[in-house]
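Asker: Just so we're aligned, residue 1195 is where the sequence shown starts under this note's numbering, counting upward by one.
Got a structure for you, written out below as structure tokens; questions coming shortly.
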Amino acid sequence: MKKNKSKRIIIGSFITVAILGIYGFLLTLGSHDEIYADISEGRLGTMPLSGTPLMATLAPGLEFKIDTGADASSITEADLAKLEALGYKAERMIYPVIGRNGLGQMNCTLTRYRVDVPLYDYTFDIDSLGNTIPVMEPTTLNVLHNVDFVPSSTGFSVLGVDFLQKFKIEYLFDEKAVSLYFDVPNGYEPFADLTVSHSPIKDLWQGNRYYIAISVQNIVNEYFLDTGLQRAVMRLPLSEHNRTTNDLTQDTLLTMVSKHTALIDMDAWVCIGDRCGTASVWYCDALEEPYTFNPFNYMKQDFLLDLDNRKILLHPFTSAITHNRQ
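Structure below.
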């Protein structure tokens, strides 16, 4: 009997050590660790945004969902082919990746692609209807090397938080575009701090999960920073709609996989950092984080998303229609 007990203890200890070893190995795996740009100072490039959810155009014909809710950036075979046609051939490697995809669903893969991608600057024209039209400047080509993607499991390509946290991301409100930097550009002021949630499971994912403290109707919660949130500025659980006495409008919140009944408070009192005002908030239950916030839907001016330093910064004035590389 003692022999069998000792044997079970040895086997159990071996399994525990093996699990801890695998867990430790997975913790050492990173993403975009060798990324660099031909032109590394100032603006690396600009990507026009369009659609719902927001899609960023790296180059004409190459559109990626910009999504802090996706842990690992992904790419379709079609977009790999487009990059290869432009002269950027991907290196395929065996590399385990765990995390949520562009649909918010857990995804595991052993395949990773490493590929260079082009970035450009744009000028922005105004058409006769007042629409802003991005015009790519071919002479501003900047190549971003060693960008890591997993195979797309969603049917579209995604720039996930593992990619986005490597840069300072400037949102140009007038142009509806984002520019990438390695360093914080001049002219921005601190607005709000971000936090990162750690857990033994989340630490295995390729990117962090970022949160921001927001007060809605004088009640503070930690809101998940989700640039994939469609239409809504911020979302709260449906059960909390009674925190407001304002009239509520019924609507439907769309996610990438489903539709959900929602109630909207068009005049909620919202405070972020030291700034307060009225904004629309959506009360809705979805199969995601209970509180979510999309700064691209909220901000009506330029801002800078600095995930690495866990901050959102504001530009004190609106952007000019034409931006030159700084």
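C-beta atoms are modelled at their ideal positions from N, C-alpha and C, and glycine is treated no differently.
Per DSSP, what are the beta-bridge partners of residue 1429 in this structure?
Answerer: For the purposes of this step, residue 1429 is identified with residue 235 of the sequence shown, where counting begins at 1. DSSP, once it has assigned bridges, lists 1476 and 1486 as partnering residue 1429.
Asker: So the alpha helix (DSSP H) residue 1358 belongs to, where does it begin and stop?
Answerer: For the purposes of this step, residue 1358 is taken as the residue at position 164 of the sequence shown. Element bounds for residue 1358: 1355 to 1358.
Asker: What does a CB cutoff of less than 6 angstroms around residue 1348 pick up in its chain, not counting 5 residues either side in sequence?
Answerer: Translated into the one-based positions of the sequence shown, residue 1348 becomes position 154. 1295, 1296 and 1297, listed in sequence order.
Asker: Answer with buried or exposed for residue 1404, where buried requires no fewer than 16 other C-beta atoms within 10 angstroms of its C-beta.
Answerer: For the purposes of this step, residue 1404 is identified with residue 210 of the sequence shown, where counting begins at 1. Buried: at least 16 other Cβ atoms inside 10 Å.
Asker: Secondary structure at residue 1402, three-state DSSP: helix, strand or coil?
Answerer: In the sequence shown, the residue the question calls residue 1402 occupies position 208. Coil at residue 1402, not helix or strand.
Asker: What did DSSP end up calling residue 1508 once you bin it into helix, strand or coil?
Answerer: Position 314 of the sequence shown, counting from 1, holds the residue named residue 1508. If DSSP states are grouped into helix, strand and coil, residue 1508 belongs with the strands.
Asker: Three Cβ pairs or more, each shorter than 8 angstroms: is that satisfied between the stretch 1493 to 1500 and the stretch 1429 to 1442?
Answerer: These segments do not touch.
Asker: Going by C-alpha distance, which of 1510, 1509, 1310 and 1247 is nearest residue 1261?
Answerer: Reading the sequence shown from its first residue, position 67 is the one you call residue 1261. Nearest of 1510, 1509, 1310 and 1247 to residue 1261, Cα basis: 1247.
Asker: Is the stretch 1368 to 1377 touching the stretch 1271 to 1282 in the sense that three or more CB pairs, one from each, lie closer than 8 angstroms?
Answerer: The answer is no - the stretch 1368 to 1377 does not touch the stretch 1271 to 1282, with fewer than three Cβ pairs under 8 angstroms.
Asker: Residues in its own chain within less than 6 angstroms of residue 1373 by CB, not counting five upstream and five downstream?
Answerer: For the purposes of this step, residue 1373 is identified with residue 179 of the sequence shown, where counting begins at 1. 1237, 1240 and 1364, listed in sequence order.
Asker: Tell me the rounded alpha-carbon separation between residue 1382 and residue 1507.
Answerer: Translated into positions along the sequence shown, residue 1382 becomes position 188. Translated into positions along the sequence shown, residue 1507 becomes position 313. Each residue's alpha carbon lies about 6 angstroms from the other.
Asker: Just mark residue 1230 as buried or exposed, buried being the case when its beta carbon has 16 or more other beta carbons within 10 Å.
Answerer: Here residue 1230 refers to the residue found at position 36 when the sequence shown is read from its first residue. With fewer than 16 Cβ atoms within 10 Å of its Cβ, residue 1230 is classed as exposed.
Asker: Distance check for residue 1421 and residue 1525, CA to CA, integer angstroms please.
Answerer: Past the boundaries of the shown model lies residue 1525; the chain is included only from 1195 to 1520, so the question cannot be answered.
Asker: Expressed to the nearest angstrom, what Euclidean distance is found between the alpha-carbon atoms of residue 1300 and residue 1323?
Answerer: Here the question's residue 1300 lines up with position 106 in the sequence shown. Here the question's residue 1323 lines up with position 129 in the sequence shown. Whole-angstrom Cα-Cα distance: 43 angstroms.
Asker: Nearest to residue 1428 by alpha carbon, out of 1402, 1456, 1342 and 1259?
Answerer: Sequence index remark: in the sequence shown, residue 1428 carries index 234 (1-based). Minimum Cα distance to residue 1428 is reached at 1456.
Asker: Between which two residues does the beta strand (DSSP E) containing residue 1319 stretch?
Answerer: Taking the first residue of the sequence shown as position 1, residue 1319 is located at position 125. Looking at the DSSP string, the run of the beta strand (DSSP E) that includes residue 1319 is 1300 to 1320.
Asker: Quick one: complete alpha helix (DSSP H) runs, 4+ long, within the stretch 1219 to 1294?
Answerer: Here the runs fully enclosed are 1271 to 1279.
Asker: DSSP puts residue 1446 in a beta bridge; with which residues?
Answerer: On the sequence shown, residue 1446 is found 252 positions in, with the first residue counted as 1. In the DSSP output, where bridge partners are listed per residue, residue 1446 has 1455.
Asker: What residues match up with residue 1336 in a beta bridge as DSSP calls it?
Answerer: Locating residue 1336 in the sequence shown gives position 142, where the first residue counts as 1. Its beta-bridge partners are 1313.
Asker: For the beta strand (DSSP E) that contains residue 1373, what are its first and last residues?
Answerer: Numbered from its first residue, the sequence shown carries residue 1373 at position 179. Run containing residue 1373: 1371 to 1375, per the beta strand (DSSP E) assignment.
Asker: Could you check whether residue 1250 and residue 1353 sit closer than 8 angstroms to each other, using their CB atoms as the reference points?
Answerer: Translated into positions along the sequence shown, residue 1353 becomes position 159. Translated into positions along the sequence shown, residue 1250 becomes position 56. Yes, they are a contact pair.
Asker: Can you tell me whether DSSP reads residue 1415 as helix, strand or coil?
Answerer: Within the sequence shown, residue 1415 is the residue found at index 221, counting from 1. Correct three-state label for residue 1415: strand.
Asker: Enumerate in chain order the residues of its own chain whose CB-to-CB distance from residue 1255 is below 7 angstroms, with the five nearest sequence positions on each side excluded.
Answerer: Here residue 1255 refers to the residue found at position 61 of the sequence shown. Contacts found: 1276.
Asker: Please report how far the alpha carbon of residue 1459 lies from the alpha carbon of residue 1386, in whole angstroms.
Answerer: As a working note, residue 1459 is residue 265 in the sequence shown. As a working note, residue 1386 is residue 192 in the sequence shown. About 23 angstroms.
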